[in-house]
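Please read the structure below before turning to the comments.
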Amino acid sequence: MFKPTPNPPESESTSPYQSPDSKKLHGAAERALDHYLKPSASTQQNHKPSTMFQVAPDQDNESLLAHACESLASASIMSSDIAAHVDSPQRHTILAIQQVIMLAELAVNRVLDNYEIHQPPSRS
168 MFKPTPNPPE SESTSPYQSP DSKKLHGAAE RALDHYLKPS ASTQQNHKPS
218 TMFQVAPDQD NESLLAHACE SLASASIMSS DIAAHVDSPQ RHTILAIQQV
268 IMLAELAVNR VLDNYEIHQP PSRS
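Sequential numbering from 168 applies to the sequence shown in the working numbering.
Written as structure tokens, this is what we have:
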């Protein structure tokens, strides 16, 4: 059978760490990433999460999911209302945001549909 394209030339697999320059470059890149992406230990120790807005720890999952579903439905309606008053480029962006909200709402609704309510055992 005739192959219309030739096989690529065989080349040795070379590691990017073979030359001293590439090792230096890799080290510099790692240090730069660590500087910007890894917080220092002192920063992590001093960070306390804000408790201004927090969910009560005794809330059950069904109530939390129902509230999330209602919030997503409200956000969807608000974005739809805003999109009606905005012109083309921004309107498309707002409608895309609304679609993301609706997809999240569908996912939460599915979880609620699949959620089994644990009822306490009946006393007989």
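Even for Gly, the Cβ is constructed at its ideal location relative to N, Cα and C. What you are looking at is a predicted structure, and each value in this text was computed from that prediction instead of being measured.
8 Å Cβ shell around residue i - same chain, five flanking residues per side excluded
{"i": "residue 250", "result": "258, 261, 262, 265"}
{"i": "residue 282", "result": "228, 229, 232"}
{"i": "residue 275", "result": "232, 235, 236, 239"}
{"i": "residue 202", "result": "none"}
Chain-order list of residues whose beta-carbon lies under 7 Å from that of residue i (same chain, five-residue window excluded)
{"i": "residue 197", "result": "none"}
C-beta contact flag for residue i and residue j at 7 Å
{"i": "residue 232", "j": "residue 279", "result": "yes"}
{"i": "residue 268", "j": "residue 235", "result": "no"}
{"i": "residue 240", "j": "residue 272", "result": "yes"}
Element boundaries [alpha helix (DSSP H), containing residue i]
{"i": "residue 230", "result": "228 to 250"}
{"i": "residue 276", "result": "255 to 281"}
{"i": "residue 191", "result": "187 to 204"}
Under the three-state DSSP convention, the category residue i falls into
{"i": "residue 174", "result": "coil"}
{"i": "residue 212", "result": "helix"}
Proximity test, residue i beta-carbon vs the ligand PLP heavy atom, cut-off 6 Å
{"i": "residue 229", "result": "Summarising the ligand content, the structure contains no ligands, and the ligand PLP is consequently not present."}
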